[in-house]
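Residue numbers (the working numbering): 4 to 501.
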Ligand SMILES: Nc1ncnc2c1ncn2[C@@H]1O[C@H](COP(=O)(O)OP(=O)(O)OP(=O)(O)O)[C@@H](O)[C@H]1O
Ligand SMILES: [Mg+2]
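As structure tokens, then:
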């Protein structure tokens, strides 16, 4: 029998106060795609960071092609052909350099005199091979999240790559981009590359993976051939209990007053003549595929993007919101899509992010809470969202990706606003935590708040929204009232041609 491509044996990693991995075994075979699945904080990223040399203090042994491997730095890992696309897209590229410079960094570092023309030519070639149409001259800071992700993937496979680790690669991608990535994965598989695929999207795992390993609380609880298991079993193994109904029961009030009304809204490039309103106590869905203009719409309403024309009325009065500060003062909160960049301060603690940021800055409009009350509220939120953290004093950068997302959401749930905008709130969040987020959002609405919930996860919109506007290419293509199906939403989200 030939040895597996990777065999990690009895891997343990400990951080102050947290045992992130406890004697984990993991095997990856040549030419296969192996999923890692588990709740937020289960240890998926940590295990892969051990393989990619990011944690030098791990215990245990790693064999590559049957040989004992010594991996303590990213450079060691690269010498074995291990390449990683990390979950934190925003920190993995240099924002003020061009796409070409980022892609060819390894060459630029090697050359005594940099031949720029050649660099850009090679970079363009790499992108072309992967069917990615992004100019190599563009600055990374100007790219969308999806574009950054594609550049990172291109960067990983442009060098020696026998083992590719993809940590939630599809979270920011559109359907078409995801398909592009999947066909690339198929190609790499053919060439014998072993691929580790981390995702919270279970259908994706079942469509492209050969094997899967379930992690829970820093241990590996099961490994299956994908064709020998099913989503229900896997969810139960990852949560330690079956998942019951995800969506809260909603009774909508038909006679509620309009809280926010938007007319003739245009922005600089995407949004086209938007008319919408949201009522008191209503969960309004904004459904649309990646790139439909949901983020642009949320930002325009929050004063975070310039609008060209249009009027906004709040409680029947025209308001001029030109900055997020003004929006918050007016009682509008936004949980942004790029949460690590725009929603939280990762160098600060969990407690600080949950309370100070929202409450103290805006005490004039938000009710003032005493420090002890503040702490109690933060603790409550940590519990309700199931944030995995050793204490409120932990820095947010030490939390797992999904737990950082929860902090960004919890922060605004703790603040008092009249209108809450959520832009893709469940991205990167595990199925158990999604349910908690849905029930917190429903509670906001039950308390008379207005919620605007923007998402490309159409099944979630169908499950949670009372009413929906479907965005298609910057236009509202359709208004629908609950009950509606995912299929109907998809039909209108694709311009009625699905
Ligand atoms: N540098 C660090 N310092 C302290 N604790 C850490 C550090 N990195 C990870 N942890 C902790 O280790 C545990 C596992 O985290 P990990 O990032 O591996 O989870 P994950 O399974 O990738 O979750 P997610 O689905 O949210 O990305 C978490 O409790 C996390 O807080
Ligand atoms: Mg992770």
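Yeah, the Cβ is synthetic: ideal placement off N, Cα and C, and Gly gets one too.
Give every residue of the same chain whose Cβ lies closer than 6 angstroms to the Cβ of residue i, excluding the five residues on either side of it in the sequence, and list them in chain order.
i, result
"residue 501", "Low local confidence applies: a pLDDT of 49 at residue 501 is under 50, so the model's placement there is unreliable, and no value is given."
"residue 126", "103, 106, 107 and 139"
"residue 273", "296, 299 and 477"
"residue 1", "As shown, the chain starts at 4 and ends at 501. That puts residue 1 outside it, with no answer to give."
"residue 186", "none"
"residue 80", "55, 56 and 74"
"residue 287", "281, 455 and 470"
"residue 141", "102"
"residue 489", "461, 462 and 465"
"residue 66", "10"
"residue 95", "89 and 155"
Could you work out which residue in the options is closest to residue i when comparing CA atoms only?
i, options, result
"residue 57", "474, 49 and 64", "49"
"residue 470", "409, 279 and 427", "279"
"residue 62", "187, 28, 79 and 156", "28"
"residue 413", "342, 499, 292 and 123", "342"
"residue 387", "54, 168 and 409", "409"
"residue 30", "135, 54 and 310", "54"
"residue 8", "33, 265 and 17", "33"
"residue 264", "319, 248 and 459", "319"
"residue 47", "468, 302, 23 and 490", "23"
"residue 480", "432, 18, 285 and 276", "276"
"residue 219", "433, 486 and 452", "433"
"residue 176", "153, 266 and 75", "153"
"residue 310", "316, 292, 290 and 267", "267"
"residue 270", "252, 303 and 247", "303"
"residue 397", "151, 6, 246 and 19", "19"
"residue 426", "333, 292, 131 and 483", "292"
"residue 3", "84, 449, 121 and 393", "Since the first residue shown for the chain is 4 and the last is 501, residue 3 is missing from the structure and cannot be characterised."
"residue 436", "334, 119, 21 and 203", "203"
Residue i and residue j look like a contact to me (Cβ under 8 angstroms); what is the Cβ gap, rounded to whole Å?
i, j, result
"residue 200", "residue 38", "5 angstroms"
"residue 474", "residue 300", "7 angstroms"
"residue 346", "residue 353", "Wrong, their Cβ atoms sit about 14 angstroms apart, outside the cutoff."
"residue 1", "residue 243", "Because the chain is modelled from 4 through 501, residue 1 falls outside the range shown and cannot be assessed."
"residue 241", "residue 41", "5 angstroms"
"residue 330", "residue 358", "Going by Cβ atoms, the distance from residue 330 to residue 358 rounds to 20 angstroms, so no, they are not a contact pair."
"residue 453", "residue 285", "6 angstroms"
"residue 164", "residue 86", "4 angstroms"
"residue 112", "residue 149", "About 27 angstroms; that fails the 8 angstroms criterion."
"residue 423", "residue 395", "Actually they are not in contact, since the Cβ atoms of residue 423 and residue 395 sit about 23 angstroms apart, beyond 8 angstroms."
At a threshold of 7 angstroms, does residue i count as lining ligand 1 (C-beta to nearest heavy atom)?
i, result
"residue 27", "no"
"residue 124", "no"
"residue 437", "no"
"residue 44", "yes"
"residue 426", "no"
"residue 178", "no"
"residue 41", "yes"
"residue 60", "no"
"residue 23", "yes"
"residue 391", "yes"
"residue 223", "no"
"residue 401", "yes"
"residue 209", "no"
"residue 433", "yes"
"residue 18", "yes"
Among residues of its own chain, excluding the 5 on either side of residue i, which ones have a beta-carbon nearer than 7 angstroms to its beta-carbon?
i, result
"residue 25", "15, 221 and 222"
"residue 463", "429"
"residue 109", "162"
"residue 443", "387 and 416"
"residue 403", "43, 44, 48 and 391"
What residues in its chain sit with their C-beta under 8 angstroms from that of residue i, if we drop five residues either side in the sequence?
i, result
"residue 327", "305, 306, 307 and 337"
"residue 258", "none"
"residue 215", "37, 38, 39, 40, 208, 226, 227, 229, 232 and 237"
"residue 399", "347, 348, 349, 350, 351, 352, 353, 356, 407 and 410"
"residue 466", "249, 250 and 441"
"residue 498", "475, 476 and 480"
"residue 144", "98 and 99"
"residue 384", "357, 390, 413, 416 and 417"
Nearest-residue set for ligand 2, Cβ under 7 angstroms from any heavy atom: 47, 48, 90, 170, 171, 201, 403, 404 and 405
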